[in-house]
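Undergrad: Below you'll find the structure I mean.
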Amino acid sequence: VQLQASGGGLVQAGGSLRLSCAVSGRTFSNIGMGWFRQAPGKEREFVARIDWSGLIASDSVKGRFTISRDDAKNMVYLQMNNLKPEDTAVYYCAPTLGTRPNVGMDDWGKGTLVTVSS
Numbered sequence: 533v534q535l536q537a538s539g540g541g542l543v544q545a546g547g548s549l550r551l552s553c554a555v556s557g558r559t560f561s562n563i564g565m566g567w568f569r570q571a572p573g574k575e576r577e578f579v580a581r582i583d584w585s586g587l588i589a590s591d592s593v594k595g596r597f598t599i600s601r602d603d604a605k606n607m608v609y610l611q612m613n614n615l616k617p618e619d620t621a622v623y624y625c626a627p628t629l630g631t632r633p634n635v636g637m638d639d640w641g642k643g644t645l646v647t648v649s650s
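Quick note on the numbering used here: the sequence shown kicks off at 533 and runs consecutively.
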């Protein structure tokens, strides 16, 4: 699977960004997809997931971030509103099983950097 995340950047606290992820290399419409992030010095963590059962978001982003997908375009999106400095991280998309990533260690892609200034 190939995963290409984009849309990151520098934004002030309270601002918004929309991340996009292009997925190729596997059947898309019948798999769960999620967003994960890794802040400097921390482990990668779950952010949000979308599959046939609905949407799930971590408590830290619930009410601020919304995940969506366009199966016709093999795309996944993350709308991030009311951003906080603690949201600063490299964001990755990946296929999911529940809230866990279902991707090989070498298949994460480069991610996209989100930096939120206070």
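From the three backbone atoms N, C-alpha and C, an ideal C-beta is built for every residue, glycine too.
#1: I'd like to know whether the C-beta atoms of Met-612 and Val-635 end up nearer to each other than 9 Å.
#2: In angstroms, rounded to a whole number, what distance separates the CA positions of Leu-551 and Phe-578?
#3: Restricting to runs no shorter than 3 residues, where is the beta strand (DSSP E) found entirely within the stretch 552-609?
#4: What residue range does the beta strand (DSSP E) around Val-646 cover?
#5: Once the 5 residues before and after Gln-570 are set aside, which same chain residues still bring their CB inside 6 Å of it?
#6: In the DSSP output, which residue or residues are listed as bridge partners for Thr-631?
#7: Hey, is the stretch 594-611 in contact with the stretch 556-570, meaning 3+ C-beta pairs nearer than 8 Å?
#8: Let's test the definition: count the other Cβ atoms within 10 Å of the Cβ of Met-637 and tell me whether it reaches 16, buried, or not, exposed.
#9: So the beta strand (DSSP E) Ser-538 belongs to, where does it begin and stop?
TA: The short version:
#1: Remark: C-beta atoms of Met-612 and Val-635 do not approach each other more closely than 9 Å.
#2: Phe-578 has its alpha-carbon roughly 15 Å from the corresponding atom of Leu-551.
#3: Fully contained in the stretch 552-609 are the following beta strand (DSSP E) runs of length 3 or more, in chain order: 564-570, 577-583, 586-589 and 597-602.
#4: Start and end: 644-649.
#5: Same-chain partners within the cutoff: Arg-576, Ala-621 and Val-622.
#6: Beta-bridge annotation (DSSP): Thr-631 is not paired with any residue.
#7: As far as the Cβ criterion goes, the stretch 594-611 touches the stretch 556-570, which means the pair count is three or higher.
#8: Met-637 comes out exposed.
#9: Where Ser-538 is concerned, the enclosing beta strand (DSSP E) stretches over 534-538.
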